[in-house]
Amino acid sequence: MSIVNKEIDFQTPNQEGYYGNYGGAYIPEMLFSNVETLKNQYLQILQDPDFQKEFHALLKDYVGRPTPLFKAERLSQELGAIIYLKREDLCHTGAHKINNTIGQILLAQRLGKKKIIAETGAGQHGVATATVCALKGMDCVVYMGEKDIERQAPNVARMKMLGATVVPAKSGSKTLKDATNEAIRAWINEPNETHYIIGSVVGPHPYPDMVAKFQSVISAEMRTQLLEQTGTELPTHVVACVGGGSNAAGAFYHYLNELSVQLIAVEAAGHGVYSGMSAATTQLGTPGILHGSKSIIMQTADGQVTEPHSISAGLDYPGIGPLHAFLYESKRGTFLSATDEEALASAFHLSKTEGIIPALETAHAFSVLPKLGLKPTDVVIVCLSGRGDKDLSTYMQYL
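Numbering-wise, the sequence shown is residues 389 to 787 according to my numbering.
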């Protein structure tokens, strides 16, 4: 499609889990029963009043929601527009990931599962998963690329302190893609007792829809908070970084069908989009199957997945979720990219301008703000998806 169709419901996949041409469930036979059970029951469980009551109580009293919508005065003055920051960095565990893991641990309990597995890149999803497993007394195994274990050591320590077993993925690029491969293999080996808490809007249906629904609390709060501060629920732009894309899906969700709101997704260009060291999926990718769904992925002509690169472990992924692939193809979303160098510069700039040290992933989103051609009347919300504590060892190299 070349133009946005006003009749499309961008929030909701069809019964097979497709957003336009992307989605579905491409799974090994061993996982069919597990995924089918999840697909048949997740909506009913999510809509149950007792589930909603417990979910929202934990978001309020444990996670610390609602997170603030902060008007960044100095950034606003500098950019000549009104800039708000949705402070997901202030969530318990330091990022948006906890919104999803709270929802999925409650779901797993209701499905009678005894063990939790997860994948993680930057470690934030691993920490969030280990946290909710400790909260609910469930066994937790987190798969993490060997390279990411080295560059995200503080989060590895946190996971272990919370009682999780961290298993290194030693194949491929030893990053998020490989950790996901290992988690799926483990799930195949123990499908009946185990629930796999996927950390992003990727994987087989119903995961992309389910994770987006859990993360949609972000944009639900944004609408209410913006109305309180400005008298309107609708900004002109919502900006978020995208690897798999869960923080972006959450920030975009309640604006997907508000066509006046520009949705800006920022991918990791690494050393440069065409450098051979990049994770700018929409610029480099083609339709294909990865980790259980059809999406846009970085691959060779014969379908071998290309190794991605980003200085940020959470964006170091060769695909995007099927919702984001559809937003890109339909032109509902604008997909930009930022290099490692640009992300680092933005991280230091935000720190010195607003007194907030962002995660490296989040810094990618900030780097595109000067490129948007903003006007004084524009109201921009940036999803500040995580805090930078976990990235201090990287930042210290550039001080």
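Every residue, glycine too, gets a C-beta built ideally from N, C-alpha and C.
For residue j and residue i, the rounded distance between their alpha carbons
| i | j | result |
| --- | --- | --- |
| residue 568 | residue 686 | 16 Å |
| residue 528 | residue 544 | 13 Å |
| residue 672 | residue 691 | 13 Å |
| residue 605 | residue 693 | 33 Å |
| residue 581 | residue 587 | 19 Å |
| residue 390 | residue 612 | Unreliable positioning characterises residue 390 in this predicted model, as indicated by a pLDDT of 45, which lies under 50. A coordinate reading is not provided. |
| residue 464 | residue 471 | 5 Å |
| residue 614 | residue 775 | 22 Å |
| residue 559 | residue 779 | 24 Å |
| residue 740 | residue 749 | 18 Å |
| residue 392 | residue 757 | 23 Å |
| residue 396 | residue 645 | 8 Å |
| residue 574 | residue 514 | 16 Å |
| residue 457 | residue 522 | 29 Å |
| residue 476 | residue 642 | 16 Å |
Within 8 Å, strictly: CB atoms of residue i and residue j
| i | j | result |
| --- | --- | --- |
| residue 610 | residue 474 | yes |
| residue 479 | residue 635 | no |
| residue 590 | residue 707 | yes |
| residue 667 | residue 703 | yes |
| residue 593 | residue 408 | no |
| residue 488 | residue 447 | no |
| residue 800 | residue 674 | It is not possible to answer for residue 800, since the shown part of the chain is limited to 389 through 787. |
| residue 726 | residue 773 | no |
| residue 626 | residue 639 | yes |
| residue 571 | residue 505 | yes |
| residue 751 | residue 731 | yes |
Backbone secondary structure at residue i - three-state DSSP
| i | result |
| --- | --- |
| residue 766 | coil |
| residue 420 | helix |
| residue 781 | helix |
| residue 719 | coil |
| residue 414 | coil |
| residue 521 | helix |
| residue 634 | helix |
| residue 747 | coil |
| residue 776 | helix |
| residue 662 | coil |
| residue 515 | helix |
| residue 475 | strand |
| residue 389 | In this prediction, residue 389 has a pLDDT of 38, which is less than 50 and means its spatial position is unreliable; what the coordinates show is noted afterwards. Residue 389: coil per DSSP, three-state reduction. |
| residue 405 | coil |
| residue 398 | coil |
| residue 707 | strand |
| residue 495 | helix |
| residue 595 | helix |
| residue 600 | helix |
For residue i: DSSP bridge partner residues
| i | result |
| --- | --- |
| residue 507 | 531 |
| residue 355 | Residue 355 lies beyond the range of the chain shown here (389 to 787); nothing can be said about it. |
| residue 629 | 654 |
| residue 555 | 531 |
| residue 590 | Beta-bridge pairing links residue 590 to no other residue. |
| residue 470 | 767 |
| residue 724 | 654 |
Chain C within 8 Å of residue i, Cβ atoms only
| i | result |
| --- | --- |
| residue 719 | Going by chain labels, chain C is absent from the structure shown, which holds only one protein chain. |
Do the region 584-600 and the region 439-446 make contact, defined as three or more Cβ pairs closer than 8 Å?
-> no
Touching by the beta-carbon criterion (3+ pairs, under 8 Å), the region 682-698 and the region 707-722 | yes
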